[in-house]
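*Asks:*
In the working numbering, the protein residues as written are -3 to 294.
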C-alpha cells in the first residue's frame, strides 16, 4: 500500500507547458504515472506527450476526473492556479512553485478550510510512492521500494537520507515533501496519521527544520498515539544562529522554541528516536525496524 498516491492515481498538470512542467511530466510518464490531462490557457484540444490539454481546471476535471493536480506555474500565478483547483474540487493539489507570496498562501488556507481539498506545498518537491507514482520534481530513481515512510521539509537532507537508507538495504513506501514555507498546506500530523494507518509502512522518518512549530506539534500528537510505529527524527540546523535564514523562508529562528535543540527534545520526550547526524539516519532506521521485528516475534 501507500499514502496519497499510487499506480491508479489520475493526475492533471497545471503549467504543463512550462519548462518544469514539460520536464517532470515526461519523467512521470516514463515512471508509469497516470497523467491524464494538462491545463494550458488557449490550448484546448491540443496535446503534449499524447496528453489532452484544457483551458481550465474545471474542464479538465469534467473530462478526466483526476485525483490530483500538480502545479508548476510561476510564483505570481501559482496562487491563482491553486484556487482554481480548489474551486474545481480536485481532492489533492501539489504545488512545486517557490516564492509564492505569503499573503496569497493565507488566502488559500482560508479557502482550503471551506473545501474538501488538501494542499501539499507550496515549494514542495512533491510526492513519490516508490515504484508506482511520481508527482512533482523528485528524481524517482532515488526511491527504492520498501517499508519506510518519509515526510520532509528539507529536500537536500532528504536525498542524503535516501542514500543512507539504500546503504542499509532499505526502501520507501511513500515520500511526502511538505514544502519550505512558514505556512504549510498540510501538517506533519496529517501525514503521520496516514502513515500510521498504512499497513506497509513499518517506520516513519521525519526530516524537520528550524523555524515554526510544526515539529513540536507533531511531538504532542505522536505522544497521544496508542499504537505507534517507530518515528525517527532528524532536525536540520543545530548550529544556525537566531534570525539567520537557512536556505528558505521558513527556516529561521525567531524564538527559542523554534531551535533544533528544542524540537529534538520535544520529539524525544514524545518517544521519537533522535538522530544527530544525517549519515546515521540509515543506521537508526534499520535498528528501529529490527527492534520492531523482535517485538513482533514475542
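Even for Gly, the Cβ is constructed at its ideal location relative to N, Cα and C.
Just to check, is the beta-carbon of residue 281 closer than 6 Å to a non-hydrogen atom of the ligand PLP?
*Replies:* With respect to small molecules bound, the structure shown includes none, and the ligand PLP cannot be examined in it.
*Asks:* Measuring only the C-alpha atoms, how far is residue 106 from residue 208?
*Replies:* Stepping through the chain shown from its first residue, residue 106 is reached at position 110. Stepping through the chain shown from its first residue, residue 208 is reached at position 212. For residue 106 and residue 208, the distance between alpha carbons rounds to 19 Å.
*Asks:* With DSSP as the reference, identify every bridge partner of residue 146, one or two as the case may be.
*Replies:* Translated into positions along the chain shown, residue 146 becomes position 150. DSSP lists 171, 201 as partners of residue 146.
*Asks:* Opposite residue 65 in the DSSP bridges: which residues?
*Replies:* Here residue 65 refers to the residue found at position 69 when the chain shown is read from its first residue. Bridge partners of residue 65: 8, 89.
*Asks:* How many angstroms separate the CA atom of residue 258 from the CA atom of residue 172?
*Replies:* The residue you call residue 258 lines up with position 262 of the chain shown. The residue you call residue 172 lines up with position 176 of the chain shown. Near 24 Å, if we compare the C-alpha coordinates of residue 172 and residue 258.
*Asks:* I need the boundaries of the alpha helix (DSSP H) containing residue 206, first residue and last residue.
*Replies:* For this step, residue 206 is matched to residue 210 along the chain shown. Counting along the chain, residue 206 falls outside any alpha helix (DSSP H), and DSSP gives it neither H nor E.
*Asks:* Can you name the start and end residues of the beta strand (DSSP E) that residue 226 belongs to?
*Replies:* Numbered from its first residue, the chain shown carries residue 226 at position 230. Taken as a continuous stretch (DSSP letters only), residue 226 belongs to no beta strand (DSSP E), as it is neither H nor E.
*Asks:* So, helix, strand or coil for residue 182, using DSSP?
*Replies:* The count along the chain shown starts at 1 and reaches residue 182 at position 186. The answer is coil: DSSP assigns residue 182 none of H, G, I, E or B.
*Asks:* Just to confirm the assignment, what range does the alpha helix (DSSP H) spanning residue 104 have?
*Replies:* In the chain shown, the residue the question calls residue 104 occupies position 108. 98 to 109 is the extent of the alpha helix (DSSP H) around residue 104.
*Asks:* Just curious, the alpha helix (DSSP H) that residue 71 is in, first and last residue?
*Replies:* In the chain shown, the residue the question calls residue 71 occupies position 75. Taken as a continuous stretch (DSSP letters only), the alpha helix (DSSP H) holding residue 71 covers 71 to 84.
*Asks:* With DSSP as the reference, label residue 48 as helix, strand or coil.
*Replies:* On the chain shown, residue 48 is found 52 positions in, with the first residue counted as 1. DSSP places residue 48 in strand when its eight states are reduced to three.
*Asks:* Can the beta-carbon of residue 123 be found less than 7 Å from the beta-carbon of residue 32?
*Replies:* Taking the first residue of the chain shown as 1, we reach residue 123 at position 127. Taking the first residue of the chain shown as 1, we reach residue 32 at position 36. No, the pair does not count as a contact, with Cβ atoms beyond the cut-off.
*Asks:* Under 8 Å, with one C-beta from each stretch per pair, do the stretch 126 to 133 and the stretch 77 to 87 reach the 3-pair mark?
*Replies:* Verdict: no, contact absent.
*Asks:* Rounding to the nearest angstrom, what Cα-Cα distance links residue 17 and residue 112 in this structure?
*Replies:* Mapped onto the chain shown, residue 17 falls at position 21. Mapped onto the chain shown, residue 112 falls at position 116. So the two alpha carbons sit approximately 25 Å from each other.
*Asks:* Using the beta-carbon count (16 or more within 10 Å), is residue 254 buried or exposed?
*Replies:* Position 258 of the chain shown holds residue 254. So residue 254 ends up on the buried side.
*Asks:* Figure out for me which residue from 182, 72, 49 has the closest Cα to the Cα of residue 148.
*Replies:* Position 152 of the chain shown, counted from the start, is the residue given in the question as residue 148. Of 182, 72, 49, the residue nearest in Cα terms is 182.
*Asks:* Is the CB of residue 46 under 7 Å away from at least one CB in chain C?
*Replies:* Although the question refers to chain C, the structure presented lacks it and comprises just one protein chain.
*Asks:* Can you have a look at residue 246 and say buried or exposed, based on whether 16 or more other CB atoms are within 10 angstroms of its CB?
*Replies:* Position 250 of the chain shown, counting from 1, holds the residue named residue 246. Unreliable placement is indicated for residue 246, whose pLDDT of 49 sits below 50; no coordinate value is reported for it.
*Asks:* Looking at the unbroken alpha helix (DSSP H) that takes in residue 158, where does it start and where does it end?
*Replies:* Stepping through the chain shown from its first residue, residue 158 is reached at position 162. 151 to 163 is the span of the alpha helix (DSSP H), which, as asked, contains residue 158.
*Asks:* So, at 6 Å on beta carbons, what are the nonlocal neighbours of residue 232 in its own chain, with the 5 sequence-adjacent residues on each side left out?
*Replies:* For the purposes of this step, residue 232 is identified with residue 236 of the chain shown, where counting begins at 1. Cβ neighbours of residue 232 beyond the five flanking positions: 150, 153, 205.
*Asks:* Below 8 Å CB to CB, which residues in the same chain sit around residue 62 once its five sequence neighbours on both sides are set aside?
*Replies:* Within the chain shown, numbered from 1, the residue matching residue 62 stands at position 66. Contacts found: 6, 7, 8, 32, 33, 56, 86.
*Asks:* So which of -3, 36, 19, 136 has the shortest CA-CA distance to residue 10?
*Replies:* Within the chain shown, residue 10 is the residue found at index 14, counting from 1. It is 36 whose Cα lies nearest to the Cα of residue 10.
*Asks:* Assuming residue 138 is part of the beta strand (DSSP E), what are its boundary residues?
*Replies:* Within the chain shown, numbered from 1, the residue matching residue 138 stands at position 142. That residue, residue 138, is in no beta strand (DSSP E); it is neither H nor E in DSSP.
*Asks:* Taking a contact to mean a Cβ-Cβ separation below 7 Å, would you say residue 219 touches residue 266 in this structure?
*Replies:* For the purposes of this step, residue 219 is identified with residue 223 of the chain shown, where counting begins at 1. For the purposes of this step, residue 266 is identified with residue 270 of the chain shown, where counting begins at 1. Contact: yes.
*Asks:* Within the continuous beta strand (DSSP E) that includes residue 115, where are the two ends?
*Replies:* Position 119 of the chain shown, counted from the start, is the residue given in the question as residue 115. Per DSSP, residue 115 belongs to the beta strand (DSSP E) from 114 to 116.
*Asks:* From residue 203 to residue 118, what distance separates their C-alpha atoms?
*Replies:* Counting from one through the chain shown, the residue named residue 203 turns up at place 207. Counting from one through the chain shown, the residue named residue 118 turns up at place 122. Their Cα atoms are separated by approximately 17 Å.
*Asks:* Taking the alpha carbon of residue 64 as the point to measure from, which residue in 45, 4, 70, 23 has its own alpha carbon closest?
*Replies:* The count along the chain shown starts at 1 and reaches residue 64 at position 68. For the residues 45, 4, 70, 23, the minimum Cα distance to residue 64 belongs to 4.
*Asks:* With DSSP as the reference, please indicate the residues paired to residue 122 in a beta bridge.
*Replies:* Reading the chain shown from its first residue, position 126 is the one you call residue 122. The partner list for residue 122 (beta bridge, DSSP) reads 132, 173.
*Asks:* Would you kindly work out how many angstroms separate the C-alpha atoms of residue 228 and residue 279, rounded to a whole number?
*Replies:* Locating residue 228 in the chain shown gives position 232, where the first residue counts as 1. Locating residue 279 in the chain shown gives position 283, where the first residue counts as 1. Rounded to the nearest angstrom, the two C-alpha atoms are 11 Å apart.
*Asks:* Return the chain-ordered list of same chain residues with a C-beta closer than 6 Å to the C-beta of residue 260, the five sequence neighbours on each side being excluded.
*Replies:* Sequence index remark: in the chain shown, residue 260 carries index 264 (1-based). Excluding positions up to five away in sequence, the list reads 231, 270.
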